[in-house]
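What follows is a set of notes on a single structure, which appears directly below.
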Amino acid sequence: MSSSTVNVGAATVVRRKRLTVKPTMILGIGIVATALLMAIFPSLFATHDPNKFDYGAILQAPSAAHWFGTDNFGRDVFSRVVHGARTDLQIALFTTLFPFIFGTLIGALTGYFGRWLDAIFGRIVDVVMVFPFLILVIAIVAMLGPGLKNMFIAVSIVGWVYYARLVRGETIVQKRSDYVSAAKVMGYSPTRVVFRHIFPNAVTPAVVYWMTDMSLGILLGASLGYLGLGAQPPTAEWGVMVADGKNFMTTAPWISTFPGLVLTAVGVGFSLVGDGLADILRPK
Amino acid sequence: MNRWAYLLARILQMIPTLVVIMILVFALVRLLPGNPAVAILGDRVTDEAVARVNQELGLDKPLPMQFWIFFNRVIRGDLGESINLKMAVTRLIGDRLPITLFLTAYAGLLAAVMAIPMAVLSALKRGTWIDNLIRAVFQIGLSLPVFYVSLQLLTVFGAQLRWFPVGGIGPTPASNFYFLFLPALSLGFYMAAILMRSLRASILEVLTSDYVSFARAKGIRPRLVLTRHVLRNAMISTVTLFGLSIGQLMGGAVITETVFAIPGVGRLMVDAIFGRDYAVVQGLTLAFAVVIMVIFLLTDLAYTVLDPRTKVA
Amino acid sequence: MTSAEPLLSIRNLNTTFHTNRGPLHAVRNVNFDLQPGEVLGIVGESGSGKSVTLRSILRLFQPPTQVRGEIFWKGEDVLKASRRRMLQVTGAEISMIFQEPMTALNPVLTVGSQILESLNAHEGLRGAAAVTRATELLELVGIPSPRERLAAYPHEFSGGMRQRAMIAIALASSPQLLLADEPTTALDVTIQDQILKLILSLREKLNMSVILVTHDLGVIAQTCDRVAVMYAGKLVELAPVRNLFTEPKHAYTVGLRLSLPEGGDSRQPLQPIPGSPPDVTNLPRGCAFAPRCAYVTDACREAEPELVQTSEGHLTACIHHAKLPVFGDGKA
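See below:
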């Protein structure tokens, strides 16, 4: 499929480039898919029970028996990392889904209708953006109590703002563009203009951002996990694992290092997918 | 409208936002579970003791009244006293905020030092292995958690190689360039990744523009073309991005301060939230808000200076 | 016509871009000379290679784009010159102005600093001396209040004034050759006229040669001494301006001529050239204009015609030049 020209009568006006998928995007998809598999079928990958203490085998370096070594309770680090995938991917999804949906909706509405709607939400967005994201989330989690569920709530309360701002900006640009004027001249009703024309184009950057946001979400979840505010033991979560190993960095660095590497890799995977999407959906 | 008038107008615009923030902070802190009086008294809770502490802290008055008292105090610079640390909040902030600001600024500096040359190199050598390598490295940098980098740097360069201290701050401000190097580096790496991407994209865009071709057609030396024409224009959007991202840097400072045991406001905030230290939470939130709003303002001003096309109206 | 040594001599110029879809020969075997003080026009449609020719002269292309052939500037082949020598020539002996002054001038630098940049680099002027010279230049191109305007930014000028400012920058080192790439295309017709008159007066005052690239025959008629016509990267006709209009010797030029509106008594309908511009990455065998030509025969499709001389100073690459119509003398 080659780049198509604007066609106001058709359903979508999103112009697509030839569908050339970058090799990095394929790598990203591969990483995410692997993580997904590990999350759904951990028993396929894990070599041991992630929660089983084995005091006879504590702090062992990586070996054939324990690929990533063992921690100070004798737990197999590799199996814990595999089981952590489920937790961290859940984090990726639940910290971003609500902000994406709610933020996009608000952004589209305020961008299109403007005026008092824009004034109110605009103010809220401004105020929220003044604070460092992490600190706000920590504050809310502290209020509600530590734990994954509260973390999701906290991030959702604050995170929608970024999507709203993005989509609002795009909507305003789309609103003023030529093809919308053309559509109006053709007598299309406002609802139709919004849903079939403006919306698809304004939402595209939000979808792209969603991918990178998932990478950020994992980072955030892990950071909170590290601070003790996110996933609680015995749930395996990569950030918590890094924290667990921090006192053993000189004696048994593998406890923190492997979860950290996997964390980074999955984050990279999501951003690569996001970048690839951005390239494909770029309107040029 | 000239620049000073614009500046004044912007400062005045900040005030309503500040008031809204004060209201929100006031409300938020009151929502924290747990009665502060009970928290203070600990074991010695009795009804009359609670009532007495409530009265002392002014918690028995109606909410709007409490807010009015709060508002008045704030304007006078009295942010209350820390329950847990037994110090005036203003003094606490005064001691620690400069440290966090220094750390953040230092991180920003290191980020710029890392990002700018790499972005130029990557853009000029677009498509080559150098470009791909640089982009790959910074791509990883985007996903490296700050706590992980901090931990690794601390372990390798602090504990094992002993090139740097394992935390804390230095005796003199100048010595902090040494003491805070590792924390600033771990904070800065993420920021560098963000800046590098943006700058590289800007440079690539600017390289194809007419005015760069025209500058070359004037027979200007390539290095001058690069600095005066390419970078000068490409930096504009990156500088603005930098200013807007300072908030993220300060958030990351929380983590770095925790790992490296630095007495800054990041750690203070986390401790205060857990310790139900209302006054500190309130005061700090306001301090953060003011600092970041000032930075936003400076960024906007910088933008009008850098790009003469913007109308200061 | 003086038999002076030509100022500029282009021999077998070939410029090839490397795109995703393969090599693009934008300029193919172009040859021409330029005399001192002459205004040479290059006319053609978009994609004909005319702008690329200008930029090749100044070696503005970076690898992997290839520029081959010989470009003799005052006897020296600049295509083989060192980078340092090129920096001396570019902007000083040969200057170029672009089509769109709004994008060609750096938006964040004042016009004055952009002039001073050239003065610094080539004349070694600094400080007060440089500012004086810059003011003179702005005055030369007809910008009022030149001293104050030095501190202004490009977006603070109107379209015509911006173009004048660009010309002032180009003239900083009194070049002997001015390359003008569609200098009036982006301007209103009245401003267009002013700029063209300015260029001509500068040619007089500074004894400068000009190569003017345009797609507008009207501009050619107004300003040029000689004209080169380019099509699909090749030079297809070269003639003194009068001859080009009265006796075009290439089917393409005839087509261009016929698509010019003519005022006066004869109200003939405009005849656009049929067909679409050629795809330079995929040219047919033989003459590139053949698919759209009204005079085409099989011989045209055999091989690309070479340039032949039909009369004094008139070259054409059309094998049917003798059959082409002749136009009236000096009509409006």
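Residue numbers (our numbering), protein chains in the order written: chain A, 18 to 301; chain B, 895 to 1207; chain C, 130 to 461. Where is the CB? At the ideal position from N, CA and C, for every residue including glycine.
Separation of residue j from residue i, as counted between CA atoms
i, j, result
"residue 522 of chain C", "residue 1015 of chain B", "In this structure chain C extends from 130 to 461, so residue 522 of chain C is not present and cannot be described."
"residue 256 of chain A", "residue 1113 of chain B", "55 Å"
"residue 61 of chain A", "residue 144 of chain A", "47 Å"
"residue 219 of chain A", "residue 315 of chain C", "33 Å"
"residue 122 of chain A", "residue 212 of chain A", "12 Å"
"residue 147 of chain C", "residue 173 of chain C", "22 Å"
"residue 960 of chain B", "residue 1002 of chain B", "40 Å"
"residue 425 of chain C", "residue 380 of chain C", "9 Å"
"residue 900 of chain B", "residue 265 of chain A", "55 Å"
"residue 249 of chain A", "residue 1187 of chain B", "35 Å"
"residue 254 of chain C", "residue 216 of chain C", "17 Å"
"residue 448 of chain C", "residue 365 of chain C", "11 Å"
"residue 417 of chain C", "residue 360 of chain C", "8 Å"
"residue 1275 of chain B", "residue 1096 of chain B", "Given a span of 895 to 1207 for chain B in the structure shown, any question on residue 1275 of chain B remains unanswerable."
"residue 1024 of chain B", "residue 1018 of chain B", "10 Å"
"residue 375 of chain C", "residue 152 of chain C", "38 Å"
Own chain residues within Cβ distance below 6 Å of residue i, not counting five before or after
i, result
"residue 232 of chain A", "284, 287 and 288"
"residue 1169 of chain B", "978"
"residue 905 of chain B", "none"
"residue 956 of chain B", "none"
"residue 1036 of chain B", "1087"
Proximal residues of chain B, C-beta to C-beta of residue i below 9 Å
i, result
"residue 247 of chain C", "1112, 1113 and 1114"
"residue 230 of chain A", "Residues of chain B passing the Cβ test: none, with the nearest at roughly 12 Å."
Contact set between residue i and chain B, taken where Cβ atoms lie within less than 8 Å
i, result
"residue 236 of chain C", "1105, 1127, 1201, 1202 and 1203"
"residue 233 of chain C", "1104, 1105, 1107 and 1108"
"residue 284 of chain C", "1202 and 1203"
"residue 243 of chain A", "1039, 1041 and 1149"
"residue 220 of chain C", "1111, 1112, 1113 and 1114"
Below-7 Å beta-carbon distance, residue i vs any chain B residue
i, result
"residue 239 of chain A", "yes"
"residue 16 of chain A", "Nothing about residue 16 of chain A can be reported from this structure: the residues present for chain A run from 18 to 301 only."
"residue 222 of chain A", "no"
"residue 225 of chain C", "yes"
"residue 267 of chain A", "yes"
"residue 294 of chain C", "no"
"residue 150 of chain A", "yes"
"residue 78 of chain A", "no"
"residue 281 of chain A", "yes"
"residue 155 of chain C", "no"
"residue 247 of chain A", "no"
"residue 263 of chain C", "no"
"residue 173 of chain A", "no"
"residue 96 of chain A", "no"
"residue 269 of chain C", "no"
Chain B contact residues for residue i, given Cβ-Cβ distances below 7 Å
i, result
"residue 263 of chain A", "1045"
"residue 229 of chain C", "1104"
"residue 40 of chain A", "Those within 7 Å of residue 40 of chain A in chain B number zero; the least Cβ separation is about 11 Å."
"residue 285 of chain A", "1033, 1034 and 1037"
Residue i at chain A interface by Cβ criterion, 7 Å
i, result
"residue 1037 of chain B", "yes"
"residue 1072 of chain B", "no"
"residue 920 of chain B", "no"
"residue 1049 of chain B", "yes"
"residue 1061 of chain B", "no"
"residue 1008 of chain B", "no"
"residue 1052 of chain B", "no"
7 Å CB neighbourhood of residue i in its chain, flanking five on each side removed
i, result
"residue 53 of chain A", "106"
"residue 1155 of chain B", "1061 and 1062"
"residue 27 of chain A", "The predicted position of residue 27 of chain A is uncertain, since its pLDDT is 39 and thus under 50; a value taken from the coordinates is nonetheless stated next. Contacts found: none."
"residue 235 of chain C", "243"
Closer than 7 Å to chain C by CB, residue i
i, result
"residue 1207 of chain B", "Reliability of the predicted coordinates at residue 1207 of chain B is poor, the pLDDT of 45 falling under 50, and the value obtained from them is presented with this limitation in mind. Answer no: the Cβ-Cβ gap between residue 1207 of chain B and chain C never drops below 7 Å."
Chain A contact residues for residue i, given Cβ-Cβ distances below 8 Å
i, result
"residue 1141 of chain B", "146, 147, 148, 149 and 150"
Nonlocal neighbours in the same chain, by C-beta distance under 8 Å from residue i, ignoring five residues either side
i, result
"residue 159 of chain A", "246"
Beta-carbon neighbours of residue i, restricted to chain A and to distances below 9 Å
i, result
"residue 988 of chain B", "Within 9 Å Cβ-Cβ: nothing; residue 988 of chain B doesn't reach chain A, min ~19 Å."
inquiry  = To be precise: take each residue of the region 1100-1119 of chain B, compare its Cβ to all Cβ atoms of chain C, and keep it if any distance is under 8 Å. Which residues remain?
reply    = 1103, 1104, 1105, 1107, 1108, 1109, 1110, 1111, 1112, 1113, 1114, 1115 and 1118
task = For the region 956-976 of chain B, enumerate the residues whose C-beta is nearer than 8 Å to any C-beta of chain C, in chain order.
result = none
ask   = Any residues in the region 1157-1178 of chain B with a beta carbon nearer than 7 Å to a beta carbon of chain A? Which ones, in chain order?
value = 1163, 1164, 1167 and 1168
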